[in-house]
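Data block below; observations after.
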Amino acid sequence: SHSTRADSRQVAEVLAAFNRKAGASARTEANVEALGAGAPVVVGGQQAGLLTGPLMVIHKAVSVINAANWAEKELGQKVVPIFWIAGEDHDWDEANHASVVTTGSGLRKLAVDREGKPRTSVSRTTLDQAVWNTVLGELADSLPDTAFKPELLEALKLAAASSATLTDMFARIMASLFANEGLVMMDADDPALRRLEAPMFIRMLENGRELERAYAASSSRLTGLGYALQVEPQPGCANLFVYRDPAVDPNAGRLAGERVLLYRQ
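In the working numbering, the protein residues as written are 5 to 269.
Written out as structure tokens, the structure is:
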């Protein structure tokens with residue numbers, strides 16, 4: 005039988021590598037070690053928005069940290085706050101922009117384009133330095149002059165210099181903002197993490213019909229209680245996305261790397 009959960013020590017190794025790359029603080033590294041030793045966690049997350057995206061993202065991170073601190077006091081043991089970056093999300097138009105306050109208290113939307121690249125995960129969509137230079141130049145032109153502006157722009161420039169994707173940049177900014185709180189960052193599309201999740205994906209595929217019946221029954225109960233469904237179960241859907249791999253699908257062509265929803269035949 006397949007494992008129902010990943011080994012905490014292996015998960016910690018993956019998170020240690022990702023957070024180290026993002027510039028993790030000593031407190032964050034200590035939290036990753038605690039996770040590896042079996043500490044419970046509080047997880048919340050969002051897409052890897054440009055420059056962290058909407059302010060809601062910061063509010064979510066603060067909520068995760070506060071919830072972990074509360075649980076730690078209630079349980080009398082270490083509880084680790086984790087921010088789950090939805091790097092596997094392929095909705096580029098939700099993640100590729102940020103609105104900033106300009107001189108005169110206006111709002112300006114800054115955005116980056118994927119330049120004809122396939123409709124794949126945000127974590128798999130690479131951006132070159134010219135893109136970062138352009139958007140940071142637009143940010144510099146937009147922000148009012150303050151005592152904090154030069155330091156902020158320099159920090160973002162340094163982060164961009166070692167960021168190949170929105171996820172990389174997002175993780176670096178968040179790691180810096182919440183260094184003192186020890187917030188652990190996690191990319192849902194981290195290949196090393198996906199390998200640990202493989203046994204669970206296999207179970208989802210093997211038990212697909214049973215899961216489909218359970219989803220349908222739950223949906224019926226919800227509608228029977230007067231609630232509208234937020235997501236309607238799709239017949240035959242495996243509830244997993246796959247990527248068009250040219251090595252497997254020689255007809256992928258320009259769709260190579262694209263993320264598509266998997267269905268049973």
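By construction, the Cβ of each residue, glycine as well, lies at the ideal position given by its N, Cα and C atoms.
If distances are taken between C-alpha atoms only, which option among the options comes closest to residue i?
i: residue 23; options: 208, 45 and 174; result: 174
i: residue 41; options: 91, 48 and 33; result: 33
i: residue 135; options: 150, 119 and 149; result: 119
i: residue 19; options: 38, 8 and 9; result: 38
i: residue 150; options: 263, 261, 106 and 248; result: 106
i: residue 270; options: 170, 8, 233 and 9; result: No statement about residue 270 is possible, as the shown extent of the chain runs from 5 to 269 and does not include it.
i: residue 16; options: 200, 104 and 92; result: 200
i: residue 341; options: 65, 45 and 11; result: Outside the displayed range of the chain (5 to 269) lies residue 341, so it cannot be described from this structure.
According to DSSP, which residues form a beta bridge with residue i?
i: residue 265; result: 245
i: residue 85; result: 46
i: residue 111; result: 105
i: residue 190; result: 88
Would you report the Cα separation of residue i and residue j, rounded to the nearest angstrom?
i: residue 114; j: residue 124; result: 21 Å
i: residue 239; j: residue 168; result: 38 Å
i: residue 243; j: residue 144; result: 42 Å
i: residue 14; j: residue 36; result: 11 Å
i: residue 62; j: residue 181; result: 9 Å
i: residue 43; j: residue 88; result: 17 Å
i: residue 100; j: residue 116; result: 6 Å
i: residue 236; j: residue 147; result: 43 Å
i: residue 72; j: residue 96; result: 30 Å
i: residue 111; j: residue 102; result: 10 Å
i: residue 48; j: residue 172; result: 18 Å
i: residue 52; j: residue 129; result: 12 Å
i: residue 121; j: residue 74; result: 43 Å
i: residue 229; j: residue 222; result: 11 Å
i: residue 9; j: residue 138; result: 43 Å
i: residue 248; j: residue 92; result: 14 Å
i: residue 185; j: residue 98; result: 27 Å
i: residue 140; j: residue 176; result: 15 Å
i: residue 251; j: residue 262; result: 13 Å
i: residue 217; j: residue 253; result: 31 Å
i: residue 67; j: residue 108; result: 31 Å
Could you give the residue range of the alpha helix (DSSP H) that holds residue i?
i: residue 63; result: 59-79
i: residue 235; result: Here residue 235 belongs to no alpha helix (DSSP H), and DSSP marks it neither H nor E.
i: residue 18; result: 12-25
i: residue 174; result: 170-181
i: residue 279; result: Residue 279 lies beyond the stretch modelled for the chain, which goes from 5 to 269, so this question has no answer here.
i: residue 36; result: 30-40
i: residue 227; result: 212-228
i: residue 146; result: 133-146
i: residue 97; result: 96-99
Does any residue of chain D bring its CB to less than 7 Å from the CB of residue i?
i: residue 212; result: Absent from the structure is chain D; it holds one protein chain and no more.
For the 8 Å Cβ check, are there 3 or more pairs between the region 78-87 and the region 121-138?
no
Any 3 or more C-beta pairs closer than 8 Å across the region 205-224 and the region 53-70
no
Can you find at least 3 beta carbon pairs, one from the region 144-163 and one from the region 190-197, that sit closer than 8 Å?
no
Does the pairing of the region 23-33 with the region 183-190 give three or more beta-carbon distances under 8 Å?
yes
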